[in-house]
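Numbering (full-length UniProt numbering), first residue to last: 1 to 413. Take a look at the structure below.
Here it is in structure tokens:
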């Protein structure tokens with residue numbers, strides 16, 4: 001039938017849901033478990049396992065080369081800075097002379113190369129993490145702590161004596177305001193670059209270069225870093241590590257103290273080294289006799305840092321000595337075994353004394369009952385006292401043996 005020209009034979013379908021809700025609910029009724037996505041060009045995903053392993057090896061070699069370059073540039077900058085300072089101490093080259101400007105210029109160039117190497121080092125680390133995680137976005141594998149570490153390293157390594165003569169007004173300990181050079185403070189702060197020695201030891205350590213170690217580290221989620229290598233070195237060679245650490249800290253503190261005192265006081269060149277060594281030694285060993293004190297704010301800062309380094313070194317030394325004097329597993333076995341033998345013999349002797357003095361005390365008591373004389377009474381009391389001591393010794397020996405058996409090394413130790 002038709003009504004008004006409209007075919008009503010076909011029923012009109014009314015949707016159960018609105019069209020705007022169909023898209024949001026279609027994903028719940030779709031039977032496809034894995035959504036199809038268009039193929040994208042991802043070079044990292046298409047590489048085979050051997051190619052990725054080879055690429056990771058190349059990235060590790062590049063990172064090692066960058067660390068070598070970083071340490072080289074840092075050491076070169078420190079050496080140039082020390083040479084320029086020594087020439088200034090000897091009144092050979094003032095701050096605005098050509099020699100001083102050239103040395104500072106090369107120091108600045110080495111610093112710029114160091115900063116570039118640091119940025120490339122972090123970029124290489126991001127590429128290694130991208131390869132391990134199989135992603136192409138470097139931001140996905142770079143955490144906020146990594147960005148913070150990068151900024152801190154750039155700020156620490158960027159400090160150096162700038163070419164020229166930068167002077168500021170500074171108030172001394174005595175309250176006098178004077179115009180002083182900033183190169184002394186910059187020179188002391190440059191020594192913080194020596195933290196790169198730890199990174200150099202890490203990348204050249206067999207714990208990092210061995211492929212099997214890398215595999216075990218990845219599976220066990222243990223990060224092989226500077227602290228891991230330091231703890232491993234402390235476990236293998238504790239004496240050498242402690243000695244090298246203490247000598248390095250002491251040498252740096254002596255040089256920093258001498259630099260501060262020579263730059264901002266009228267201390268003579270001849271006595272600066274010996275006085276700095278003595279002041280750094282009594283501060284490093286936390287003795288502090290008080291015969292020498294720093295005369296500058298920079299020297300006081302170095303004294304505080306030196307004292308903290310001395311406390312850390314002393315704590316490490318105490319831990320190493322305590323570990324050395326501790327009994328080994330074999331020593332504990334032998335000591336416990338000998339102690340048990342000694343206590344067993346002592347207990348047997350005490351038991352024999354109990355039997356012996358019991359018989360003697362009984363005989364003395366019987367004799368005293370028959371002849372109650374003063375000498376028999378004294379003898380009976382003496383034997384009773386000896387019997388009490390023997391019983392007490394046997395009981396104490398048995399308790400001591402139980403304590404040794406409880407404290408002995410078991411199968412789980």
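C-beta atoms are modelled at their ideal positions from N, C-alpha and C, and glycine is treated no differently.
Specify the secondary structure class of residue i as computed by DSSP and reduced to three states.
i, result
"residue 264", "helix"
"residue 179", "strand"
"residue 411", "Because residue 411 carries a pLDDT of 49, less than 50, the predicted location of this residue cannot be relied on, and the following value inherits that uncertainty. Correct three-state label for residue 411: coil."
"residue 93", "coil"
"residue 370", "helix"
"residue 162", "coil"
"residue 78", "helix"
"residue 88", "helix"
"residue 335", "helix"
"residue 328", "coil"
"residue 400", "helix"
"residue 143", "coil"
"residue 294", "coil"
"residue 64", "helix"
"residue 241", "helix"
Could you compute how far the alpha carbon of residue i sits from the alpha carbon of residue j?
i, j, result
"residue 120", "residue 66", "7 Å"
"residue 200", "residue 287", "34 Å"
"residue 229", "residue 236", "11 Å"
"residue 223", "residue 170", "45 Å"
"residue 245", "residue 313", "8 Å"
"residue 162", "residue 116", "18 Å"
"residue 45", "residue 57", "In this prediction, residue 45 scores a pLDDT of 49, lower than 50, which makes its location untrustworthy; the coordinate-derived value is nonetheless stated afterwards. So the alpha carbons of these two residues sit roughly 17 Å apart."
"residue 310", "residue 196", "21 Å"
"residue 77", "residue 330", "52 Å"
"residue 368", "residue 377", "6 Å"
"residue 404", "residue 324", "23 Å"
"residue 354", "residue 335", "28 Å"
"residue 203", "residue 337", "47 Å"
"residue 375", "residue 391", "25 Å"
Along the chain, where does the beta strand (DSSP E) that runs through residue i open and close?
i, result
"residue 171", "167-171"
Answer with yes or no whether the minimum CB distance from residue i to chain C is below 8 Å.
i, result
"residue 332", "Here there is only one protein chain, and chain C is not present."
Of all the options the options, which has the alpha carbon lying nearest to the alpha carbon of residue i?
i, options, result
"residue 263", "195, 143, 283, 95", "95"
"residue 254", "234, 338, 241, 300", "300"
"residue 103", "80, 70, 160, 197", "80"
"residue 176", "273, 154, 295, 147", "295"
"residue 282", "307, 273, 187", "307"
I need the boundaries of the alpha helix (DSSP H) containing residue i, first residue and last residue.
i, result
"residue 204", "Counting along the chain, residue 204 falls outside any alpha helix (DSSP H), and DSSP gives it neither H nor E."
"residue 129", "98-133"
"residue 299", "297-325"
"residue 236", "226-236"
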